[in-house]
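Asks:
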Amino acid sequence: MNIQNYISSSLYGDLHRWPLWVPVFFGGGISFYFSLAEEPPIWWGIAGIALFLGSLVFVRLQILKLLIFAFALVIFGFSIALFRTHFLDTKMLHYSLPPMVIEGDVTQIELKPTLKGSYYQRITLTNLKADTLETLPQKVRLSLKGKRERLWPGQVIRIRSKLMSITDPSLPEGFDFRRQAYFNGLGATGFALSPPEVIQDNSFWSTFIERKREEITAYLLEHMSPPLGAVAAALITGDKASIPEKIREDFINSGLAHILAISGLHLTIIAGVVFMLFRRCIALIPPLCLAFNSKKLAAIGTICMTFLYLVLSGFGIPAQRAFIMITLVMGAICINRTALSMRSVALAAFLVLLLMPESLLGPSFQLSFAAVVALIAGYETWGNPLGSWMVHGGMIRKKIVYCAGLSFTSLLATLATLPFTIYLFHRFSLHAIEANLVAVPLTSLVIMPSALLTCLLTPLGLGELPLWVFEKSLILLLKIAEIVASWPGSHIWVAHPPLIAFVLTVVGGFWLCLWQQPWRSWGFIPISVGCLMSFFGELPQILIDGQGKVVGLYENNILYLSSTRKGKFTAETWQKFLAAKELKTMPCEDGVCRSTVHHIPLIISYVEENQPCLKDAILIRFEPSQKACPEARLTLDWYDIWKAGGYALWIKDKGQQLKEVREYQGMRPWTRKAIHRRERPSAKNQAKEF
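Those letters in the sequence shown? Residues 74 to 763, per the numbering used here, in order.
#1: Taking the alpha-carbon positions, what's the residue 261 to residue 642 distance?
#2: Could you pull out every unbroken alpha helix (DSSP H) segment of at least 4 residues lying fully inside the stretch 477-541, listed in chain order?
#3: Bridge partners for residue 560 per DSSP, in chain order?
#4: So with Cβ pairs under 7 Å, would you call residue 480 a contact of chain B?
#5: Along the alpha helix (DSSP H) that carries residue 274, what are the first and last residues, could you check?
#6: Note the first and the last residue of the continuous beta strand (DSSP E) segment covering residue 746.
#7: Which two residues bound the contiguous beta strand (DSSP E) that contains residue 729?
#8: Does the beta-carbon of residue 757 have 16 or more other beta-carbons within 10 angstroms, so that it is buried, or is it exposed?
#9: What is the DSSP secondary structure of residue 220, reduced to helix, strand or coil?
#10: Where do the ends of the beta strand (DSSP E) carrying residue 299 lie?
#11: Starting from the N-terminal side, write out each stretch of the alpha helix (DSSP H) that is 4 residues or longer and does not extend beyond the stretch 666-720.
#12: Apart from the five residues on each side of it in sequence, which residues of its chain come closer than 7 Å, Cβ to Cβ, to residue 76?
#13: For the putative contact between residue 294 and residue 184, defined by C-beta atoms under 8 Å, what is the C-beta separation to the nearest angstrom?
#14: Specify the secondary structure class of residue 475 as computed by DSSP and reduced to three states.
#15: How about residue 575 and residue 492: do their beta carbons lie closer than 7 Å?
#16: According to DSSP, is residue 138 part of a helix, a strand, or is it coil?
#17: Once you ignore the five residues that flank residue 557 on each side, which residues in its own chain have a CB closer than 7 Å to its CB?
#18: Please classify residue 658 as buried or exposed, where buried requires at least 16 other C-beta atoms within 10 Å of its C-beta.
#19: On the DSSP bridge list, what partners appear for residue 566?
#20: Are the CB atoms of residue 299 and residue 219 nearer to each other than 7 Å?
#21: Looking only at its chain, what residues have a beta carbon closer than 6 Å to the beta carbon of residue 320, apart from the 5 residues adjacent to it on each side?
#22: Please report the straight-line C-alpha distance between residue 502 and residue 109, rounded to a whole angstrom.
#23: Quick one: is residue 730 buried, meaning 16 or more other Cβ sit within 10 Å of its Cβ, or exposed?
#24: Ordered along the chain, which non-local residues of its own chain (more than five positions away) have a Cβ less than 6 Å from that of residue 159?
#25: Can you give me the C-alpha to C-alpha distance between residue 142 and residue 148, rounded to a whole angstrom?
#26: Is it true that the stretch 612-623 meets the stretch 712-730, where meeting means three or more beta-carbon pairs spaced less than 8 Å apart?
#27: Taking the C-alpha atoms as reference points, what is the distance between residue 532 and residue 289?
#28: Can you tell me whether residue 546 is buried or exposed, with buried defined as 16 or more other CB within 10 angstroms of its CB?
#29: Could you check where the alpha helix (DSSP H) with residue 655 kicks off and where it finishes?
#30: Just list the residues that DSSP pairs residue 616 with in beta bridges.
#31: Sort out for me which residues DSSP pairs residue 261 with in a bridge.
#32: Below 8 Å CB to CB, which residues in the same chain sit around residue 151 once its five sequence neighbours on both sides are set aside?
#33: Can you check the stretch 291-366 for any alpha helix (DSSP H) of at least 4 residues that lies completely inside it and give the ranges in chain order?
#34: CB-CB under 7 Å to residue 651, same chain, minus the five flanking residues each way: which ones, in chain order?
Here it is as structure tokens:
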């Protein structure tokens, strides 16, 4: 059989799997939109929608028409992302504003932990007004440090604050906070300079859900010890802001971070418990049980309760995916059908991307769908053999299959999310399987059922016992995370891999999971190539912060910094990106830091006068200077750095390669607008621009 016949027979053999590729091509169009350097005109989107609708008329089983339809799906995804960006039109600050008094509606409150074990409020305000400015962002987020009056959603407050623009990425290919804020509708951040003054309380019903979430979070933090209350709030209301950094790091390093994020695990547990309780309760009412199908009534009740939990948890992306799949499964029960699992995932992914195309770039979407696709594909292949082997055995065989199933599930989820955790977070855990073997059953059988009973029985005054069980099981969960995180190899840092290596690995994973014919094994080819390419990426030797705070020099797995007091968050981001084992400070004297890179002098100047000049050196000047240095190999002053948003430099034998943060961001609606000048700004104007 020649290759053409083999491909044709494989395609038609996997005919029932074709719809699974719809969200893949749709997501490809979204990715293409976000990769553009400039914002395309809106008519591109209109033409794309017309092309997609027109292609629907011609779709049949012929390969050519399928290719046309696949291309149309890419254009459709591109158009949806373009429309979403255009209609949001979030107003964002491009520079900091002087202190001012503003008024706004409180829509969200987060309790953030302090080093002393207490909490401070971080509030989100909308409908802003200010006497000194006519135009303000639609939404801002403020930190209220110190002891302040407890605020609640729905209140209108007046407060003196300092508003600042949202920061750019720390380096090219770094996480774009401005893009994330744009799609969240957030235009600025800042901090309070005075106590808030409550001037009005808006309609109760307009903020009922958010207020209830805050009340539950506050109740858990007040009635449980500080770390337990914060973790309990994350599991019930989805508010992870109160979790101390040490606890958060333990969960990440032990491979248990997914337990803190409300996802398919949590909603599935809630759905299973609720479905069982509904069926048992209906069975206790003979007239109701005889008149209606208890299984279908329980399915309808489960949909309602899981939707309530989805609302309470804050509509996270993994929770949305899980709710759509649970609704499909329960809907299938109501019409006496069996839900197709992989098609449910494909439908859930398509709906989430259709409504929020920007979620494709978020870790929640990527990790959640990668894990569930791999799990379903794995159990489609090996689930039936394991199940039949278990049925024909005794209790010991069932326990073996149960333990093997947990290990297999943890292994599949870990391998499926590994490319994403390395590319996004630059680390992975070697002990995630062992940790999940203990933590997942504890969460499924004890923690989530006791949390559900606590929420249901506390308003009736009967929540003391389930709350006690909930607390003790959380203590055990925290202990598991702490112990596993302390093991050698619990977290391994990995330098940022090339984008092409990541893309090849993901494409190979799709090919391996979505097809069922033998040609699915072809997916190992791009996976292998991507894994090999990840070891050959070139890392920059010099990183320059766009805010003029710090410069980093990377040599021999050590990151040398021009300052360890300024730009701490930026330095930590660089260390993770480079997988640097250690941070050290460059030798500095009188505002000038000196070092060498590949035998080339590197001089970093923070002074305005008497700036050094050296032949064949790399000069980085964070203060404006009228004195040029033509003998230098490369000179970057404050204006260059500010306009570029930061740099990454690769030093080569025949010169150097520079990448700008602005070039990576492109000219998009969320990027900071550069101010074009004929003359460079003076030192006096420098502070104003920042």
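Glycine residues also receive a C-beta, built at the ideal position from the N, C-alpha and C atoms.
Replies: Once the coordinates are examined:
#1: Stepping through the sequence shown from its first residue, residue 261 is reached at position 188. Stepping through the sequence shown from its first residue, residue 642 is reached at position 569. Cα atoms of residue 261 and residue 642: separation of roughly 18 Å, rounded to the nearest angstrom.
#2: Positions of the alpha helix (DSSP H) runs, each at least 4 residues long and wholly inside the stretch 477-541, are given as 505-515 and 521-530 in order along the chain.
#3: Taking the first residue of the sequence shown as position 1, residue 560 is located at position 487. DSSP, once it has assigned bridges, lists no residue as partnering residue 560.
#4: Absence of chain B from the displayed structure is noted, only one protein chain being present.
#5: Counted from its first residue, the sequence shown places residue 274 at position 201. DSSP places residue 274 outside any alpha helix (DSSP H); the residue lies instead in the beta strand (DSSP E), whose first and last residues are 270-274.
#6: Counting from 1 along the sequence shown, the entry for residue 746 is found at position 673. Looking at the DSSP string, residue 746 is not in any beta strand (DSSP E), and its letter there is neither H nor E.
#7: To locate residue 729, count along the sequence shown from 1; it is residue 656. Note, residue 729: beta strand (DSSP E), 728-733.
#8: Position 684 of the sequence shown holds residue 757. In this prediction, residue 757 scores a pLDDT of 34, lower than 50, which makes its location untrustworthy; the coordinate-derived value is nonetheless stated afterwards. Per the 10 Å Cβ criterion, exposed.
#9: Your numbering for residue 220 matches position 147 in the sequence shown. Reduced to three states, the DSSP call for residue 220 is coil.
#10: Counting from 1 along the sequence shown, the entry for residue 299 is found at position 226. If you look at residue 299, you'll find it isn't in any beta strand (DSSP E); it sits in the alpha helix (DSSP H) that goes 299-309.
#11: 711-717, all fully within the stretch 666-720.
#12: To locate residue 76, count along the sequence shown from 1; it is residue 3. Here residue 76 has no same chain residue with a Cβ atom under 7 Å from its own Cβ, once five neighbours each way along the sequence are excluded.
#13: To locate residue 294, count along the sequence shown from 1; it is residue 221. To locate residue 184, count along the sequence shown from 1; it is residue 111. About 6 Å separates the beta carbon of residue 294 from that of residue 184, a gap short enough to meet the 8 Å contact definition.
#14: As a position in the sequence shown, residue 475 is number 402, starting the count at 1. Residue 475: helix per DSSP, three-state reduction.
#15: For the purposes of this step, residue 575 is taken as the residue at position 502 of the sequence shown. For the purposes of this step, residue 492 is taken as the residue at position 419 of the sequence shown. With contacts defined by Cβ atoms closer than 7 Å, residue 575 and residue 492 form a contacting pair.
#16: As a working note, residue 138 is residue 65 in the sequence shown. Three-state DSSP puts residue 138 in a helix.
#17: For the purposes of this step, residue 557 is taken as residue 484 along the sequence shown, with counting starting at 1. Closer than 7 Å at Cβ, skipping near neighbours: 327, 504, 507, 508 and 563.
#18: As a first step, residue 658 must be located in the sequence shown, where it is residue number 585. Exposed, since its Cβ has fewer than 16 Cβ neighbours within 10 Å.
#19: The residue given as residue 566 occupies position 493 in the sequence shown. In the DSSP output, where bridge partners are listed per residue, residue 566 has 500.
#20: Along the sequence shown, read from residue 1 onward, the residue named residue 299 stands at position 226. Along the sequence shown, read from residue 1 onward, the residue named residue 219 stands at position 146. It is not a contact, given that the beta carbons lie outside the stated cut-off.
#21: Position 247 of the sequence shown holds residue 320. The answer, listed in chain order, is 300.
#22: Along the sequence shown, read from residue 1 onward, the residue named residue 502 stands at position 429. Along the sequence shown, read from residue 1 onward, the residue named residue 109 stands at position 36. Straight through space, the alpha carbons of residue 109 and residue 502 are spaced by roughly 34 Å.
#23: Indexing the sequence shown from 1 puts residue 730 at position 657. Taking all protein chains in view, the Cβ of residue 730 is surrounded by fewer than 16 other Cβ atoms within 10 Å, so the residue is classified as exposed.
#24: Walking along the sequence shown from the start, residue 159 turns up at place 86. Cβ within range, chain order: 115.
#25: Mapped onto the sequence shown, residue 142 falls at position 69. Mapped onto the sequence shown, residue 148 falls at position 75. Distance between the alpha carbons of residue 142 and residue 148: 10 Å.
#26: Flag = yes, the stretch 612-623 and the stretch 712-730 touch.
#27: Sequence index remark: in the sequence shown, residue 532 carries index 459 (1-based). Sequence index remark: in the sequence shown, residue 289 carries index 216 (1-based). Roughly 11 Å between the two C-alpha positions.
#28: Position 473 of the sequence shown holds residue 546. By the Cβ neighbour-count rule, residue 546 is buried, with 16 or more other Cβ atoms within 10 Å of its own.
#29: On the sequence shown, residue 655 is found 582 positions in, with the first residue counted as 1. Residue 655 -> not in any alpha helix (DSSP H); beta strand (DSSP E) instead, spanning 655-658.
#30: The sequence position of residue 616 within the sequence shown is 543, counting from 1. Partner(s): 625 and 721.
#31: In the sequence shown, counting from the first residue as 1, residue 261 sits at position 188. DSSP lists 213 as partners of residue 261.
#32: Here residue 151 is taken as the residue at index 78 of the sequence shown, counted from 1. Once the five neighbours on either side are set aside, the close Cβ partners of residue 151 are 102, 103, 105, 106, 117, 118 and 121.
#33: With a minimum length of 4 residues, the continuous alpha helix (DSSP H) runs that stay inside the stretch 291-366 are 299-309, 318-326, 330-333, 337-356 and 359-364.
#34: On the sequence shown, position 578 is the one that residue 651 refers to. Counting only Cβ-Cβ distances below 7 Å, and skipping sequence neighbours, we find 568, 612, 627 and 632.
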